[in-house]
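**Student:** Going by numbering that gives the first Met the number 0, the sequence shown opens with residue 0, and the numbers climb by one from there.
Even for Gly, the Cβ is constructed at its ideal location relative to N, Cα and C.
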Amino acid sequence: MRIAVIGTGYVGLVTGTCFSEVGHEVTCVDIDAAKIEALRFGRIPIYEPGLDEMVAMNVEQGRLTFTTDIKSAVERALFVFIAVGTPPLEDGTADLKYVLSAAKSIGEHLNGYKIIVNKSTVPVGTAGKVFNTVQAALNERKVQFDFDVVSNPEFLREGCAIDDFMHPDRIVIGSDDCRTDVLMKELYATFVRDGRPVLSMDTTSAEMTKYAANAMLAMKISFINEIAAICERVGADVENVRNGIGADSRIGYQFIFPGIGYGGSCFPKDVQALVSTARSAGHEPKILNAVEAVNQEQKGSLVRKIQEYYGGDLTGLQFAVWGLSFKPETDDVREAPALLILDALIAAGATVLAYDPKAMRETQRYLGTREGLTYVDDSYAALEESDALILVTEWSYFKNPDFDRMKSLLNAPVIFDGRNIFSPDLMRMLGFDYYSVGRDPVLANSQGRTQRLKAAAV
Numbered sequence: 000m001r002i003a004v005i006g007t008g009y010v011g012l013v014t015g016t017c018f019s020e021v022g023h024e025v026t027c028v029d030i031d032a033a034k035i036e037a038l039r040f041g042r043i044p045i046y047e048p049g050l051d052e053m054v055a056m057n058v059e060q061g062r063l064t065f066t067t068d069i070k071s072a073v074e075r076a077l078f079v080f081i082a083v084g085t086p087p088l089e090d091g092t093a094d095l096k097y098v099l100s101a102a103k104s105i106g107e108h109l110n111g112y113k114i115i116v117n118k119s120t121v122p123v124g125t126a127g128k129v130f131n132t133v134q135a136a137l138n139e140r141k142v143q144f145d146f147d148v149v150s151n152p153e154f155l156r157e158g159c160a161i162d163d164f165m166h167p168d169r170i171v172i173g174s175d176d177c178r179t180d181v182l183m184k185e186l187y188a189t190f191v192r193d194g195r196p197v198l199s200m201d202t203t204s205a206e207m208t209k210y211a212a213n214a215m216l217a218m219k220i221s222f223i224n225e226i227a228a229i230c231e232r233v234g235a236d237v238e239n240v241r242n243g244i245g246a247d248s249r250i251g252y253q254f255i256f257p258g259i260g261y262g263g264s265c266f267p268k269d270v271q272a273l274v275s276t277a278r279s280a281g282h283e284p285k286i287l288n289a290v291e292a293v294n295q296e297q298k299g300s301l302v303r304k305i306q307e308y309y310g311g312d313l314t315g316l317q318f319a320v321w322g323l324s325f326k327p328e329t330d331d332v333r334e335a336p337a338l339l340i341l342d343a344l345i346a347a348g349a350t351v352l353a354y355d356p357k358a359m360r361e362t363q364r365y366l367g368t369r370e371g372l373t374y375v376d377d378s379y380a381a382l383e384e385s386d387a388l389i390l391v392t393e394w395s396y397f398k399n400p401d402f403d404r405m406k407s408l409l410n411a412p413v414i415f416d417g418r419n420i421f422s423p424d425l426m427r428m429l430g431f432d433y434y435s436v437g438r439d440p441v442l443a444n445s446q447g448r449t450q451r452l453k454a455a456a457v
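#1: To the nearest angstrom, how far is the alpha carbon of Leu155 from that of Phe18?
#2: Is Cys27 helix, strand or coil by DSSP?
#3: Tell me, which residues are paired with Gln134 by DSSP?
#4: So if DSSP puts Tyr354 in a beta bridge, which residue, or which two residues, is it bridged to?
#5: Can you find the residues in the same chain that come closer than 7 Å, C-beta to C-beta, to Arg503, ignoring five residues on each side of it along the sequence?
#6: For Ile35, I'd like the list of residues in its chain whose CB is within less than 6 Å of its CB, leaving aside the five on either flank, ordered along the chain.
#7: What does the Cβ neighbour count give for Gln317, buried or exposed, with the cut at 16 atoms within 10 Å?
#8: Give every residue of the same chain whose Cβ lies closer than 6 Å to the Cβ of Arg241, excluding the five residues on either side of it in the sequence, and list them in chain order.
#9: Could you check where the alpha helix (DSSP H) with Leu77 kicks off and where it finishes?
#10: If I follow the unbroken alpha helix (DSSP H) through Met215, where does it start and stop?
#11: Report the start-end ranges of each beta strand (DSSP E) in the segment 97-166 that is 3 residues or longer and not cut off at the edges.
#12: Between which two residues does the beta strand (DSSP E) holding Phe397 run?
#13: Within the continuous beta strand (DSSP E) that includes Val4, where are the two ends?
#14: According to DSSP, what are the bridge partners of Ser199?
#15: Residues in its own chain within less than 6 Å of Ser104 by CB, not counting five upstream and five downstream?
#16: Could you tell me if Thr392 is buried or exposed, where buried requires 16 or more neighbouring beta carbons within 10 angstroms of its beta carbon?
#17: If you draw a straight line from the alpha carbon of Val129 to that of Val98, how long is it in whole angstroms?
#18: Can you look up Ile69 in the DSSP assignment and give me helix, strand or coil?
#19: Using a Cβ cut-off of 8 Å (strictly closer), state whether Pro152 contacts chain C.
#20: So is Met215 buried or exposed if we call it buried at 16+ other beta carbons inside 10 Å?
#21: By how many angstroms is the C-alpha of Pro440 removed from the C-alpha of Tyr354?
#22: Only counting the same chain, and skipping five residues up and downstream in sequence, which positions put a Cβ closer than 8 Å to that of Ala33?
#23: Go ahead and pull the three-state DSSP assignment for Tyr434.
#24: How big is the Cα-Cα spacing for Pro336 and Phe164?
#25: For the alpha helix (DSSP H) holding Phe254, just list the boundary residues, first then last.
#26: Please identify the residue among Ala280, Asp193, Gly310 whose C-alpha is closest to the C-alpha of Asp168.
#27: Let me make sure I understand the geometry here. Which of Tyr379, Arg404, Leu323, Thr26 has the alpha-carbon closest to that of Leu366?
#28: Between which two residues does the beta strand (DSSP E) containing Ile414 stretch?
#29: I'd like to confirm the pairing. Which residues does DSSP put opposite Val375 in its beta bridges?
#30: Using three-state DSSP, classify Ala387 as helix, strand or coil.
#31: Hey, quick one: how far does the alpha helix (DSSP H) through Thr276 stretch, first residue to last?
#32: Would you call the segment 210-229 in contact with the segment 269-282, where contact means no fewer than 3 C-beta pairs closer than 8 Å?
#33: Out of curiosity, what's the CA-to-CA distance linking Gly106 and Gly91?
#34: For Thr64, which beta-bridge partners are listed by DSSP?
#35: Just tell me which of Thr7, Val54, Ala349, Ile43 has its CA closest to the CA of Glu20.
#36: Measure how close the beta-carbons of Ile115 and Asp147 come, nearest whole angstrom, since I'm counting them as under 8 Å.
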């Protein structure tokens, strides 16, 4: 089948590439000529494991092409996917200007029956707005062609998006037309041959499904972080609690890892958008409000522990920060806890040596040049003459470091772990002062803290 994908961001590029991988002819369209030129030469604008190789192979074999010519892409395709950004407005509402602009362009170039597929994460009712926008463009041209609009939300996790697309938990198809539903099922047939469910529903329910799924996952993260905060106050170990509740098949272990809050391009934006949708419908979403409030509170929890450890004064201290992306296996720093932590440390008078295996360029793009912030090319280089290590993202590289080397490089053996990747017992045995999430701190050395408090007293 011939497919056009409008938008070559994260969702659009993964979607187009994976469809081409199973034999469909795919044209990816973007208005950014520089990005299209880079993609033609195999330069991928995002980091996603395995994506660059898959793009290169399908480009070479002629199944995947990139263009700025939306007219030719729409005219050749049966399926036209809209996969553009829906950034939040100030009130949390999703901004649909890019979606509706794409819909208008489709209407301007429609030349026969098309299935227009909303792949972007959009509020309830967007399918109707897309339909009306396309129809208005046809009316302006004084022509009439049949078309249908489908809501087909994506459920891709950054870092394993290719596997998620090729082996989905489910496919959700929101359509009000039986013919369209059959064609959409045929399009996805290769991906569900092992019996994975294809769920057909109306467009409104499909749009709601996407927001509900992300809100539920965000809620699980905020819930375990709330439990972690309680554990710290009553002396319980949140890791034991997590194992105790995760063993219940009704709960499971996924998304109940305590940490310093969720980030990225989906959960923060989608929770806020669902809150906005609820309020517009006359309902105050108390649970969703709490999910967002807990997450914002949790993002600052590690900085509060650092300030408490050093007696409230971070002036002149140097910190090593390991990890900048909002999660491992991506370079995405949108809404990442690291951004808040870096800002807070620098504002408090500290300096930072930061390292991330993939996300330093993106962090520099978001934060620009900051006095007191230096990016280093090696995780151990960040430790040199630093007063403590702050572990922000749980990249696999960080899970089994050379602790003796770490102690030799740090001014004092102090670790603030925002992802609970180290064992408190091991930290105690190795002589580190160690703060994590939802567990009692380990004060095995206190050298750095003692020196700091003495200096403050003088």
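**Tutor:** In short:
#1: Looking up residue 155 in the sequence shown gives position 156. Looking up residue 18 in the sequence shown gives position 19. Those two C-alpha atoms are separated by around 14 Å.
#2: Reading the sequence shown from its first residue, position 28 is the one you call residue 27. Of the three classes helix, strand and coil, the one that applies to Cys27 here is strand, per DSSP.
#3: Stepping through the sequence shown from its first residue, residue 134 is reached at position 135. The partner list for Gln134 (beta bridge, DSSP) is empty, contrary to what the question assumes.
#4: As a working note, residue 354 is residue 355 in the sequence shown. Its beta-bridge partners are Trp321.
#5: Look at the range of the chain in this structure, 0 to 457, and you will see that residue 503 is not part of it.
#6: Mapped onto the sequence shown, residue 35 falls at position 36. Excluding residues within five positions, the ones whose Cβ falls inside 6 Å are Asp29, Phe65, Thr67.
#7: Along the sequence shown, one-based indexing puts residue 317 at 318. Per the 10 Å Cβ criterion, buried.
#8: Within the sequence shown, numbered from 1, the residue matching residue 241 stands at position 242. Ile255.
#9: In the sequence shown, the residue the question calls residue 77 occupies position 78. Taken as a continuous stretch (DSSP letters only), Leu77 belongs to no alpha helix (DSSP H), as it is neither H nor E.
#10: Position 216 of the sequence shown, counted from the first residue, corresponds to residue 215. Segment 202-233, the alpha helix (DSSP H) holding Met215.
#11: 113-117, 146-150
#12: Position 398 of the sequence shown holds residue 397. Counting along the chain, Phe397 falls outside any beta strand (DSSP E), and DSSP gives it neither H nor E.
#13: The sequence position of residue 4 within the sequence shown is 5, counting from 1. Its beta strand (DSSP E) spans residues 1-5.
#14: Here residue 199 is taken as the residue at index 200 of the sequence shown, counted from 1. Its beta-bridge partners are Ile172.
#15: Stepping through the sequence shown from its first residue, residue 104 is reached at position 105. For Ser104, where only same-chain residues beyond five positions count, the Cβ hits under 6 Å are Ile69.
#16: Position 393 of the sequence shown, counting from 1, holds the residue named residue 392. Label assigned to Thr392: buried.
#17: Start at 1 with the first residue of the sequence shown, and residue 129 comes out as number 130. Start at 1 with the first residue of the sequence shown, and residue 98 comes out as number 99. Approximately 8 Å between the Cα atoms of the pair.
#18: Start at 1 with the first residue of the sequence shown, and residue 69 comes out as number 70. Helix, per DSSP.
#19: Looking at the structure shown, chain C is missing, and only one protein chain is on hand.
#20: Indexing the sequence shown from 1 puts residue 215 at position 216. Label assigned to Met215: exposed.
#21: Position 355 of the sequence shown, counting from 1, holds the residue named residue 354. Position 441 of the sequence shown, counting from 1, holds the residue named residue 440. One C-alpha to the other measures close to 25 Å.
#22: Residue mapping note: residue 33 aligns to position 34 of the sequence shown, counting from 1. Excluding positions up to five away in sequence, the list is empty.
#23: Numbered from its first residue, the sequence shown carries residue 434 at position 435. Strand.
#24: Taking the sequence shown and counting its residues from 1, the one referred to as residue 336 is at position 337. Taking the sequence shown and counting its residues from 1, the one referred to as residue 164 is at position 165. Each residue's Cα considered, the two are about 27 Å apart.
#25: Position 255 of the sequence shown, counted from the first residue, corresponds to residue 254. Phe254 -> no alpha helix (DSSP H), and no H or E assigned at all.
#26: Residue numbering aside, residue 168 sits at position 169 when the sequence shown is read from its first letter. The shortest C-alpha separation from Asp168 is found at Asp193.
#27: Along the sequence shown, one-based indexing puts residue 366 at 367. Closest by alpha carbon: Leu323.
#28: Along the sequence shown, read from residue 1 onward, the residue named residue 414 stands at position 415. Taken as a continuous stretch (DSSP letters only), the beta strand (DSSP E) holding Ile414 covers 413-416.
#29: Numbered from its first residue, the sequence shown carries residue 375 at position 376. Beta-bridge pairing links Val375 to no other residue.
#30: Against the sequence shown, residue 387 aligns to sequence position 388. The answer is strand: DSSP assigns Ala387 an E or B state.
#31: In the sequence shown, residue 276 corresponds to position 277, counting from 1. 266-279 is the span of the alpha helix (DSSP H), which, as asked, contains Thr276.
#32: yes
#33: Position 107 of the sequence shown holds residue 106. Position 92 of the sequence shown holds residue 91. Cα-Cα distance, rounded: 29 Å.
#34: Position 65 of the sequence shown, counting from 1, holds the residue named residue 64. For Thr64, which the question treats as bridged, DSSP gives the partners Thr26.
#35: Mapped onto the sequence shown, residue 20 falls at position 21. Nearest option by C-alpha distance: Val54.
#36: Position 116 of the sequence shown, counted from the first residue, corresponds to residue 115. Position 148 of the sequence shown, counted from the first residue, corresponds to residue 147. That pair is a contact at about 7 Å.
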